[in-house]
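Below you'll find the structure, written out as C-alpha cells, and then a few comments.
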Amino acid sequence: MEKMADEKQNKESMKEAIETLNQIISSSSTPKTIKKSITDLITDLNNEEYSLSVRAANTISLLDDVTQDPNMPSYVRTQLWQAVSKLESIRE
Numbered sequence: 007m008e009k010m011a012d013e014k015q016n017k018e019s020m021k022e023a024i025e026t027l028n029q030i031i032s033s034s035s036t037p038k039t040i041k042k043s044i045t046d047l048i049t050d051l052n053n054e055e056y057s058l059s060v061r062a063a064n065t066i067s068l069l070d071d072v073t074q075d076p077n078m079p080s081y082v083r084t085q086l087w088q089a090v091s092k093l094e095s096i097r098e
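Residue numbers (the working numbering): 7 to 98.
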C-alpha cells in the first residue's frame, strides 16, 4: 500500500515541477535561450521511457547548469530552484 502512495506522491511532485517550468517558459521576461533549454527539459520529463526518478535526476542535473546562466533573471532562478526541490522529492 505504501508503494502506491509513494508513486502517487512522485507523480504529483513531477506534475508540480512541470507546472512551475511551464510558468517560466510562458513568462515574457524569460530569455529565449532559457525558454528553449526548459522546453527541452519538459520534453525529457514527459518521456516515459525512463522511470520517474531517473527523469527527475537527469533534469535536476541539467537545471543546475541552466541556473548558472549569467543572463538568468534572479526570479526565474528562484522558480527553477522550486522545480528542483519538487524533483528532489521523487524517490523510488
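The beta-carbon is built from N, C-alpha and C at its ideal position, and this holds for glycine as well. Just so you know, these numbers come straight off a predicted model, no measurement behind them.
The beta carbons of methionine 20 and alanine 62 sit about 7 angstroms from each other, so the pair counts as a contact at 8 angstroms.
CA-to-CA, the gap between serine 67 and lysine 14 works out to about 23 angstroms.
Look at the region 11-80 and you find these whole runs of alpha helix (DSSP H), each 4 residues long or longer: 38-51, 58-72. The C-beta distance from serine 32 to valine 72 rounds to 16 angstroms, too long to fall under 8 angstroms, and the pair is not in contact.
Inclusion of glutamate 94 and serine 59 in the CB contact set at 8 angstroms is not warranted, their separation being larger than that value.
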